[in-house]
Amino acid sequence: MINFTKFENIDLANSLIEKALAFKVDPRVNQNKGNGKRIGLIFLNPSLRTRMSTQLAASNLGVESFVLNMDKESWALEMQDGVVMNQNKVEHIRDAAAVLGGYFDILAIRAFPTLTNKEEDISDFVINQFIKYSGVPVISLESAIRHPLQSLADMVTIRENFKEKRKPKVVLTWAPHIKAIPHAVANSFSEWAIGCDYDLTITHPHGYELDKKFTNGATIEYDQTKALADADFVYVKNWSAFTPYGKILSVTGDWLLNEDKFGDNTHAKVMHCLPVRRNLELSDEILDGKRSLVQNQAKNRIFAAQAVIDTML
Amino acid sequence: MINFTKFENIDLANSLIEKALAFKVDPRVNQNKGNGKRIGLIFLNPSLRTRMSTQLAASNLGVESFVLNMDKESWALEMQDGVVMNQNKVEHIRDAAAVLGGYFDILAIRAFPTLTNKEEDISDFVINQFIKYSGVPVISLESAIRHPLQSLADMVTIRENFKEKRKPKVVLTWAPHIKAIPHAVANSFSEWAIGCDYDLTITHPHGYELDKKFTNGATIEYDQTKALADADFVYVKNWSAFTPYGKILSVTGDWLLNEDKFGDNTHAKVMHCLPVRRNLELSDEILDGKRSLVQNQAKNRIFAAQAVIDTML
Amino acid sequence: MINFTKFENIDLANSLIEKALAFKVDPRVNQNKGNGKRIGLIFLNPSLRTRMSTQLAASNLGVESFVLNMDKESWALEMQDGVVMNQNKVEHIRDAAAVLGGYFDILAIRAFPTLTNKEEDISDFVINQFIKYSGVPVISLESAIRHPLQSLADMVTIRENFKEKRKPKVVLTWAPHIKAIPHAVANSFSEWAIGCDYDLTITHPHGYELDKKFTNGATIEYDQTKALADADFVYVKNWSAFTPYGKILSVTGDWLLNEDKFGDNTHAKVMHCLPVRRNLELSDEILDGKRSLVQNQAKNRIFAAQAVIDTML
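Chains as they are written, first to last, in the numbering used here: chain A, 2 to 314; chain E, 2 to 314; chain W, 2 to 314.
Quick look at the structure:
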């Protein structure tokens, strides 16, 4: 593993999951391993959980972390090569990434999609430009199309909550929202669940099909109730349409996940990456009840990041 | 002491004051006491002095501090239970507080009042929601109705500047301002001065009476000159009206505190929590003269916070 | 050296350059020298490179650094003495600087010019008010008229890239831009290059003459090609007019620096403080080619700051 931007293979995934679980038991076991090392956390978009959990992970390993919020207009980066920079972009990513690569041992970067330029977004253009020009290992803190630290934390959460020998049945269910939301969490969860050889079903309204690149191997089921029937884990997430790109479509039926939808499935656990819109995506009764693993997931973000940084060191 | 959000009793207050004075003499005496502990400083409103002094206090104890500015629109928190979150609030305080409680050993939070919803403000709703849902000890960095770290620093400042056997005579005087200012500093100062058994007089224009909950035991004197006559300490502060709530009333007379107001009282010291509007609240001659304790107060903020964190550890 | 705000003398400059070069070889050689010391980095304007490099420098010396962004409206500082503060400024620099001086061992401050009040700007009013009222050593992170940490890093870069016995020929060339840019980098570079006894030529369009205070001793050459002919180092930088102050003038000729301008000068190195507007100030071919020292300069910012902080300790 040179960079951490996506699911690579099941052996690496298993090794990271086991490492994360070990750090959860003893967070400071490698507390001097990263002494003298520095990680730069670069945010082109806002963050709270991701920033905090990654800083705590770094601290647990003795790595010094520095946060750079570059989401303000004044630090707008030019991403395209060869242009005459006579507009509002003040610095080219070639120069900024190279400087940051010279300052830090590891760079971690958050770069959301535009949701308007499909071709650029699906090529994961921004994070790839950083990788190309920084010259140091790069960790994705959520790119245009993936959120691998979230997915690793999700896999850790499933692992610690499923002790049976069979494959867990995992359901990814679309949920309502009022804004056009990126596909990154849904793409990554699908990529990792399939990669980890879980039995994955994705349920969503017609029109909300994700990029097949991430869902090959999953069952698509348009009837939410049917999909939930024998689920072990239900992952709730909104995303905007992939075609037409980044749009909110009109939807028939009620996609809010509440207790009624589970019928006699009393054992299914419910997951969400947070922040969650209560009573729009997920009901209070579920979030505050026994099914909910959302706080476990949030806590596991620390140990997922710690496993990745530890492996890079 | 589980949380630090208000004056509790005189024994605890005295113990914190003595501890703060000891830290002022030797700031690093407990420099490893907090090793491995982490405090999250959460700001729903801007801060400079409070943030810096609390971070320095934590550092003096070996506690790692992390700052989270949640005052931007993008992290707007829903505070009300049971609502359908289909508006502009992106995360519920139940979820955010629980995550943060899982990440940190202590949380410190700043949450100013709205000055428009009196009932919610006087119930100290926001900080109490954090306490309810975070599951870890909480320090107030100024809530809707109190600013206890400021008041503790103020008590430390009075203690180190008053060596007589009798009770000090303390005067809280209203000062002019151009904005509607919260009651928190005035409430807390009154609560702590009375709680510490000082002789407190509050002077302000008619209509600026504070919530009696905080001023029971104080003398109210509408004639500023009379109030100042034999004062040992004069605390200058603006606040908006409590009834009608959060309003600026028209005032007769001149309430700017300057040297003329003191008559033949040459010994009184002057305090202000800063930031101060020079020559509107307080004259340059006083701020830059021998009466002023404002820099002592600002410095003591470090040791007040340090005493509180040390006691929590 | 009490404060670090400008070029003082060649002995001090040489000593800082040598120290910076030594730190580049072994950044952690004095890693415990600053233990227990704290530096406050105060930004009245945005920063990325300066903030990061100064924090890394502090960390290399065991100095704890704290960043204070005071560029938001809510912390607007009153700079003028004696005024009645009944407008939008919330705190006076006398009070803020004194508090910060009480909290930190060293203060570093960035305060850009207004480019509208020439008299105030050229007196370096803001940083001088900080020095006057803070009571601790102050480092300039770029003031209204100078950027000495950048210039020190530039001198370090020239030193490590010029091994001949003769004086290096250094050219400062004006470059196009779309905004009105301060004079600080150009002033400081000129001040330091002349102070270090280099052979300095400044080339710019008519009307862009810098304040003579900084350029006395330099050759002014209005023909860019002629200036570049036998240059060893070419420093590219835009600045606005000094008279009329802060204005962008219409310019004849092409001032973009590209390879064609160099004729048969194959050895000249090109410098820029970054951020650079590619293909407006400097061509891609130069920035990405062998002439470019811009990444060296950026890296040397760490060791320049480290030399200054180390000397202050």
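Every residue gets a Cβ at the ideal spot worked out from N, C-alpha and C, and that includes glycine.
Going straight from the alpha carbon of Gln-56 (chain W) to that of Ala-194 (chain A), what length do you get? The sequence position of residue 56 (chain W) within the third sequence is 55, counting from 1. The sequence position of residue 194 (chain A) within the first sequence is 193, counting from 1. Spanning the two alpha carbons is a distance of roughly 40 Å.
Three-state secondary structure assigned by DSSP to Ala-230 (chain E): Within the second sequence, numbered from 1, the residue matching residue 230 (chain E) stands at position 229. Reduced to three states, the DSSP call for Ala-230 (chain E) is coil.
Residues near Ala-230 (chain W) in its chain [Cβ-Cβ closer than 8 Å; skip 5 each side]: Along the third sequence, one-based indexing puts residue 230 (chain W) at 229. Within the same chain, Ala-230 (chain W) has close Cβ partners Gly-264, Asn-266.
Can you check whether the C-beta of Pro-169 (chain W) is within less than 8 Å of a C-beta belonging to chain A? Numbered from its first residue, the third sequence carries residue 169 (chain W) at position 168. Not an interface residue.
Range of the contiguous beta strand (DSSP E) that encloses Leu-42 (chain E): Here residue 42 (chain E) refers to the residue found at position 41 of the second sequence. 39-44 is the span of the beta strand (DSSP E), which, as asked, contains Leu-42 (chain E).
Selected residue, minimal CA-CA separation from Ala-305 (chain E), among E:Asn-188, E:Glu-79, E:Leu-153: The residue given as residue 305 (chain E) occupies position 304 in the second sequence. Of E:Asn-188, E:Glu-79, E:Leu-153, the residue nearest in Cα terms is E:Leu-153.
Own chain partners of Ile-287 (chain W) with C-beta closer than 8 Å, once the 5 adjacent residues on each side are dropped: For the purposes of this step, residue 287 (chain W) is identified with residue 286 of the third sequence, where counting begins at 1. So the list reads Leu-258, Asn-259, Glu-260, Val-271, Ser-293, once near-sequence residues are dropped.
How about Asn-280 (chain E): is its C-beta nearer than 8 Å to some C-beta of chain W? Translated into the one-based positions of the second sequence, residue 280 (chain E) becomes position 279. Yes, Asn-280 (chain E) counts as interfacial toward chain W.
Mind listing the chain W neighbours of Asp-106 (chain A)? Cutoff is C-beta to C-beta under 7 Å, in chain order. As a working note, residue 106 (chain A) is residue 105 in the first sequence. By Cβ distance, chain W contributes nothing, its closest Cβ being about 11 Å from Asp-106 (chain A), past 7 Å.
Where Glu-260 (chain E) falls: helix, strand or coil (DSSP): Along the second sequence, read from residue 1 onward, the residue named residue 260 (chain E) stands at position 259. Correct three-state label for Glu-260 (chain E): helix.
Which runs of the alpha helix (DSSP H), 4 residues or longer, sit entirely within the segment 56-143 of chain A? 94-104, 119-123, 126-135
List the whole-angstrom C-beta distance separating Phe-8 (chain E) from Gly-196 (chain E), where the pair is believed to meet the contact cut-off of C-beta under 8 Å. In the second sequence, residue 8 (chain E) corresponds to position 7, counting from 1. In the second sequence, residue 196 (chain E) corresponds to position 195, counting from 1. Confirmed, Cβ separation roughly 4 Å.
Short CB-CB distance (under 8 Å) between Leu-49 (chain A) and chain E: Locating residue 49 (chain A) in the first sequence gives position 48, counting from the first residue. So, interface residue.
For Asn-297 (chain E), which residues from the same chain have a beta carbon less than 7 Å from its beta carbon, with the 5 sequence-adjacent residues on both sides left out? Here residue 297 (chain E) refers to the residue found at position 296 when the second sequence is read from its first residue. Cβ neighbours of Asn-297 (chain E) beyond the five flanking positions: Thr-158.
Quick test of your reading: Leu-150 (chain W) and Leu-42 (chain W), contact by CB under 8 Å. State the CB separation rounded to the nearest angstrom. Residue mapping note: residue 150 (chain W) aligns to position 149 of the third sequence, counting from 1. Residue mapping note: residue 42 (chain W) aligns to position 41 of the third sequence, counting from 1. Incorrect: roughly 12 Å between the Cβ atoms, too far for contact.
Looking only at its own chain, which residues have a Cβ that is under 8 Å from the Cβ of Arg-279 (chain W), when we skip the five neighbours before and after it? As a position in the third sequence, residue 279 (chain W) is number 278, starting the count at 1. Contacts found: Asp-285, Leu-288.
Are Met-71 (chain W) and Phe-113 (chain W) close, meaning C-beta to C-beta below 8 Å? As a working note, residue 71 (chain W) is residue 70 in the third sequence. As a working note, residue 113 (chain W) is residue 112 in the third sequence. Taking 8 Å as the Cβ cut-off, Met-71 (chain W) and Phe-113 (chain W) do not qualify as a contacting pair.
Counting only Cβ pairs nearer than 7 Å, list the residues of chain W close to Phe-67 (chain A). What you label residue 67 (chain A) is simply residue 66 of the first sequence in a count that begins at 1. Per Cβ cutoff of 7 Å: Met-53, Gln-56.
Report the neighbours of Glu-9 (chain E) on chain A: residues whose CB is nearer than 9 Å to its CB, in chain order. Taking the second sequence and counting its residues from 1, one reaches residue 9 (chain E) at position 8. What Glu-9 (chain E) touches in chain A: nothing, since even the nearest Cβ is about 30 Å away.
Which of the three DSSP states is assigned to Val-157 (chain E) in this structure? Residue mapping note: residue 157 (chain E) aligns to position 156 of the second sequence, counting from 1. Of the three classes helix, strand and coil, the one that applies to Val-157 (chain E) here is helix, per DSSP.
By the 10 Å Cβ neighbour count, where 16 or more other Cβ atoms means buried, how is Pro-245 (chain A) classified, buried or exposed? The residue given as residue 245 (chain A) occupies position 244 in the first sequence. By the 10 Å Cβ count, Pro-245 (chain A) comes out exposed.
Could you work out which residues of chain A lie near Trp-76 (chain E), taking near to mean beta carbons separated by less than 8 Å? Here the question's residue 76 (chain E) lines up with position 75 in the second sequence. Here the neighbours are Pro-47, Leu-49.
Is DSSP giving Trp-175 (chain A) helix, strand or coil here? Along the first sequence, read from residue 1 onward, the residue named residue 175 (chain A) stands at position 174. If DSSP states are grouped into helix, strand and coil, Trp-175 (chain A) belongs with the strands.
Compare the Cα-Cα distances from Thr-204 (chain A) to each of A:Val-237, A:Ile-140, A:His-184, A:Asp-12 and report the closest residue. Here the question's residue 204 (chain A) lines up with position 203 in the first sequence. For Thr-204 (chain A), the nearest C-alpha among the options comes from A:Val-237.
Which whole-angstrom value describes the C-beta separation of Met-53 (chain W) and Leu-69 (chain A), a residue pair presumed to lie in contact below a C-beta threshold of 8 Å? In the third sequence, the residue the question calls residue 53 (chain W) occupies position 52. In the first sequence, the residue the question calls residue 69 (chain A) occupies position 68. Yes, Met-53 (chain W) and Leu-69 (chain A) are in contact; Cβ-Cβ is about 7 Å, under 8 Å.
Whose CA, out of A:Tyr-134, A:Ile-40, A:Leu-211, A:Arg-302, lies closest to the CA of Ile-182 (chain A)? For the purposes of this step, residue 182 (chain A) is identified with residue 181 of the first sequence, where counting begins at 1. For Ile-182 (chain A), the nearest C-alpha among the options comes from A:Leu-211.
Taking the Cβ atom as the reference point for each residue, do Val-139 (chain A) and Thr-6 (chain A) lie within a distance shorter than 8 Å? Residue numbering aside, residue 139 (chain A) sits at position 138 when the first sequence is read from its first letter. Residue numbering aside, residue 6 (chain A) sits at position 5 when the first sequence is read from its first letter. Against a cut-off of 8 Å, the Cβ pair of Thr-6 (chain A) and Val-139 (chain A) comes out as a contact.
By Cβ distance, which residues of its chain are closer than 8 Å to Ile-248 (chain W), with the 5 residues on each side in sequence left out? Taking the third sequence and counting its residues from 1, the one referred to as residue 248 (chain W) is at position 247. Residue identity check: residue 248 (chain W) is Lys in the sequence provided, not Ile. Only Ala-181, Ser-241, Ala-242 meet the Cβ criterion.
Contact set between Ala-99 (chain W) and chain E, taken where Cβ atoms lie within less than 7 Å: One-based indexing of the third sequence puts residue 99 (chain W) at position 98. In chain order: Gln-296.
Scan the segment 175-229 of chain A and note each continuous alpha helix (DSSP H) run of 4 residues or more that stays entirely inside, going in chain order. 185-196, 213-216, 225-229
Can you tell me which residues form a DSSP beta bridge with Lys-170 (chain W)? By one-based count along the third sequence, residue 170 (chain W) stands at place 169. In DSSP, Lys-170 (chain W) forms a bridge with W:Asp-200.
So what's Met-313 (chain A) in DSSP terms, helix, strand or just coil? As a first step, residue 313 (chain A) is located in the first sequence; it is residue number 312 there, counting from the start. DSSP places Met-313 (chain A) in helix when its eight states are reduced to three.
Would a check of beta-carbon distances place Asp-285 (chain E) closer than 8 Å to chain W? The residue given as residue 285 (chain E) occupies position 284 in the second sequence. Chain W, which has a Cβ nearer than 8 Å to the Cβ of Asp-285 (chain E), makes this yes.
I'd like to know whether the C-beta of Lys-300 (chain A) is nearer than 8 Å to at least one C-beta of chain E. Here residue 300 (chain A) is taken as the residue at index 299 of the first sequence, counted from 1. Lys-300 (chain A) counts as touching chain E.
Neighbour flag for Leu-275 (chain A) against chain E, beta carbons, 8 Å: Here residue 275 (chain A) corresponds to residue number 274 of the first sequence, with the count starting at 1. Output row for Leu-275 (chain A): interface = yes.
Residue environment, Met-156 (chain W), which counts as buried when at least 16 other CB atoms sit within 10 Å: As a first step, residue 156 (chain W) is located in the third sequence; it is residue number 155 there, counting from the start. So Met-156 (chain W) ends up on the buried side.
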